[in-house]
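Student: Here you go, one structure.
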Amino acid sequence: MKRVLHQSLHLAISASILLAFAAPLTAHAAEEIIYYDSYISKTSGVQLYSAGQVGGNQFVDAVIARQADGTYAKWQEPFHYFRNYGGDDLKLTGTDDPEQSYVYDTRSQSILRKTAYTLSPDGLWGYLERSRYLLMPNSPMGSGYVGKYHDYYLKNMKTGAVSVYYSTQRYYSAYWLNQHTLLESGYNEAAKQNVISTYDPSTGERHELLKGSMYNRNFSKGIIYYVKNEPQRLPWVYNLKSGTSRLITDYSELETLFPASPSSRPEAALPRDTVLKDLPVIEIPVSMTYEYSVSLDGQNADVSTVFSREGQDWIPVKPLAAAFGWSIESEDRGRLNDPSAGYSFEITSASKSVKLTPANSFNSGNRLYISQAQLKQLGYNTIVITPYLQQ
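Residues -29 to -1, 1 to 362 (mature numbering (1 follows the signal peptide of the UniProt record, and there is no 0)) are what the sequence shown spells out, left to right.
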């Protein structure tokens, strides 16, 4: 019985080997493509896909464009990813870098490096959130604790003026409502609780609507979903037009009132045998944009932004140093008995210099900012700051 079994196994293995040699050789099937996002224009014909795929021993992310002849190509380095939030710009990088972010402008079909504000419905104001970190000298967490701040910027699109209108280490969010009113939800230091309010940047007026936290919004219906500052955290709906609230007793009603946004991610788009790493590369035009021009004693430099915070204007150091030949030296703060100093830089122009520390400068996203008074300490007498206004 054992001999018969061994013979049968031997014949089966031999047959499988013969079949393997006789069968035609086929290419290895392409790995599955994962789609993150997409952009498809019905007017321009542009089709873009943000996708990823296992390629050999690495994972390949790429932005894929459909060509006029129906073939596909990928964008050049380093653009591997985008997010589609429904506007004219596709975000390619985050917004925390004050030296601007990369976006794909669907109108010009090019990549721009610019400050990506969220515009108000009437287009008169822009809103932006950035994060920064600062050494906290007197924190309960200890002298070496680094705190995270959220800064909220507003830009007057008519005058070009940019300001940090709110900063906090606590939760805060804001959305454009009506023409140029911000609907805010966050912790109110004075009230010592969460508050929902409106803010008008044109007047600087803030109006409290509710004490509570906003969970969702449906501006087409003029309603928000919120919870009061109470342990039960029951769902309430507030009508922005009438100023009235009602308790929701059936959670299924929330799904009807606040439906999930449709996803821009396609289920499938590229041919099944597509290998992302082998696609040809196309070069998308890349352009820089600037918000301001800074003139020092008649010499000009373009800068990404100039903004005010608590009445003080701040100008980025890096582009000025490159334009005017400054030297920048950092000082080792570990040797100093000054726990409040998270950084110290000495800026030198010709024979004059100035030291910038957290006490007399601004730092966000590892970008250092200087004031006009400090520019005068460097020997500049005439300082002219000119915004570039949208046409």
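Note that the Cβ used here is the ideal one computed from N, Cα and C, for glycine as well.
What whole-angstrom Cβ distance do glycine 26 and leucine 250 have, given they're in contact under 8 angstroms?
Tutor: About 11 angstroms; that fails the 8 angstroms criterion.
Student: Closer than 8 angstroms is the cut-off here; do at least three beta carbon pairs connect the region 284 to 296 with the region 317 to 331?
Tutor: Contact holds: three or more Cβ-Cβ distances are below 8 angstroms.
Student: Return the chain-ordered list of same chain residues with a C-beta closer than 6 angstroms to the C-beta of serine 264, the five sequence neighbours on each side being excluded.
Tutor: Same-chain partners within the cutoff: Asn271, Asp273 and Thr357.
Student: Which whole-angstrom value describes the C-beta separation of alanine 87 and lysine 62, a residue pair presumed to lie in contact below a C-beta threshold of 8 angstroms?
Tutor: Between lysine 62 and alanine 87 the Cβ distance is about 6 angstroms, and since that is below 8 angstroms, they are a contact.
Student: Note the first and the last residue of the continuous alpha helix (DSSP H) segment covering proline 348.
Tutor: Contrary to the premise, residue 348 reads as glutamine rather than proline in this sequence. Where glutamine 348 is concerned, the enclosing alpha helix (DSSP H) stretches over 343 to 348.
Student: Which runs of the beta strand (DSSP E) at least 3 residues long sit entirely within the region 213 to 279? Give them in chain order.
Tutor: Runs found: 215 to 218, 257 to 259, 263 to 267 and 270 to 274.
Student: Along the chain, where does the alpha helix (DSSP H) containing alanine 161 start, and where does it finish?
Tutor: Element bounds for alanine 161: n/a, residue is neither H nor E.
Student: Distance, Cα to Cα, leucine -21 vs glutamate 2?
Tutor: Because leucine -21 sits at a pLDDT of 34, beneath the cut-off of 50, its placement in the model cannot be relied upon, and the point is left open.
Student: How many whole angstroms separate the CB atoms of proline 329 and tyrosine 351, which I take to be in contact at a CB cut-off of 8 angstroms?
Tutor: No, proline 329 and tyrosine 351 are not in contact; Cβ-Cβ is about 23 angstroms, not under 8 angstroms.
Student: Would you kindly work out how many angstroms separate the C-alpha atoms of leucine 218 and proline 206, rounded to a whole number?
Tutor: Going from the Cα of leucine 218 to the Cα of proline 206 covers about 6 angstroms.
Student: Which residues share a DSSP beta bridge with isoleucine 4?
Tutor: According to DSSP, isoleucine 4 bridges with nothing at all.
Student: Which same chain residues, not among the five before or five after leucine 106, have their C-beta less than 6 angstroms away from its C-beta?
Tutor: Same-chain partners within the cutoff: Val117 and Gly313.
Student: When the distance is taken between beta carbons, is threonine 215 closer than 8 angstroms to tyrosine 43?
Tutor: Result no, Cβ atoms of tyrosine 43 and threonine 215 do not sit closer than 8 angstroms.
Student: By the three-class DSSP mapping on this structure, what secondary structure does proline 287 have?
Tutor: Proline 287: strand per DSSP, three-state reduction.
Student: Terminal residues of the continuous beta strand (DSSP E) containing arginine 37?
Tutor: From DSSP, the beta strand (DSSP E) with arginine 37 extends over 29 to 37.
Student: Return the Cβ separation of tryptophan 96 and leucine 125 in integer angstroms, given the expectation that the two are a contact with Cβ distance under 8 angstroms.
Tutor: At roughly 6 angstroms, the Cβ-Cβ gap stays under 8 angstroms, so tryptophan 96 and leucine 125 are in contact.
Student: Thinking just about the alpha-carbon of each residue, which of Leu154, Asp68, Ser9 and Ser232 is nearest to the one in aspartate 60?
Tutor: Among Leu154, Asp68, Ser9 and Ser232, the Cα nearest to that of aspartate 60 belongs to Ser9.
Student: For tyrosine 143 and tyrosine 136, which I take to be in contact (beta-carbon distance under 8 angstroms), what is that distance rounded to the nearest angstrom?
Tutor: That pair is no contact at about 11 angstroms.
Student: I need the DSSP call for threonine 86, collapsed to helix, strand or coil.
Tutor: The answer is coil: DSSP assigns threonine 86 none of H, G, I, E or B.
Student: Let me know the secondary structure DSSP gives phenylalanine 190 once reduced to three states.
Tutor: If DSSP states are grouped into helix, strand and coil, phenylalanine 190 belongs with coil.
Student: As a quick exercise: from Lys289, Asp268 and Asn149, pick the residue whose alpha carbon is nearest that of glutamine 71.
Tutor: Per the Cα distances, Lys289.
Student: State the DSSP-derived secondary structure class of phenylalanine 50, mapped to helix, strand or coil.
Tutor: DSSP places phenylalanine 50 in coil when its eight states are reduced to three.
Student: Please state whether the Cβ-Cβ distance between glutamate 224 and tyrosine 359 is less than 8 angstroms.
Tutor: Cβ distance not < 8 angstroms, so glutamate 224 and tyrosine 359 don't count as in contact.
Student: Can you tell me which of Gln345, Ile253 and Ala22 puts its alpha carbon nearest to the alpha carbon of leucine 291?
Tutor: Leucine 291 has its Cα closest to that of Gln345, out of Gln345, Ile253 and Ala22.
Student: Determine the contact status of residue 417 and aspartate 284, defining contact as a CB-CB distance below 8 angstroms.
Tutor: This structure gives no information on residue 417, because the portion of the chain shown stretches from -29 to 362.
Student: Determine the contact status of tyrosine 20 and alanine 240, defining contact as a CB-CB distance below 8 angstroms.
Tutor: Yes, the Cβ-Cβ distance between tyrosine 20 and alanine 240 is below 8 angstroms.
Student: Within this structure, are the beta carbons of valine 34 and phenylalanine 53 separated by less than 8 angstroms?
Tutor: In contact: valine 34 and phenylalanine 53 (Cβ atoms closer than 8 angstroms).
Student: Here's the rule I'm using: 16 or more other beta-carbon atoms within 10 Å means buried, otherwise exposed. How should glutamine 361 be labelled?
Tutor: Its Cβ having fewer than 16 others within 10 Å, glutamine 361 is exposed.
Student: Relative to the alpha-carbon of asparagine 337, which residue among Pro287, Gly94 and Gln38 has its alpha-carbon at the smallest distance?
Tutor: Checking every option, the nearest Cα to that of asparagine 337 belongs to Pro287.
Student: Looking at glutamine 164: is its Cβ nearer than 8 angstroms to the Cβ of lysine 192?
Tutor: Contact: no.
Student: Can you give me the Cβ contacts of threonine 269 inside the same chain, cut-off strictly under 8 angstroms, excluding the 5 residues immediately before and after it?
Tutor: For the sequence presented, residue 269 should be read as glycine rather than threonine. Answer for glycine 269: Thr353, listed in chain order.
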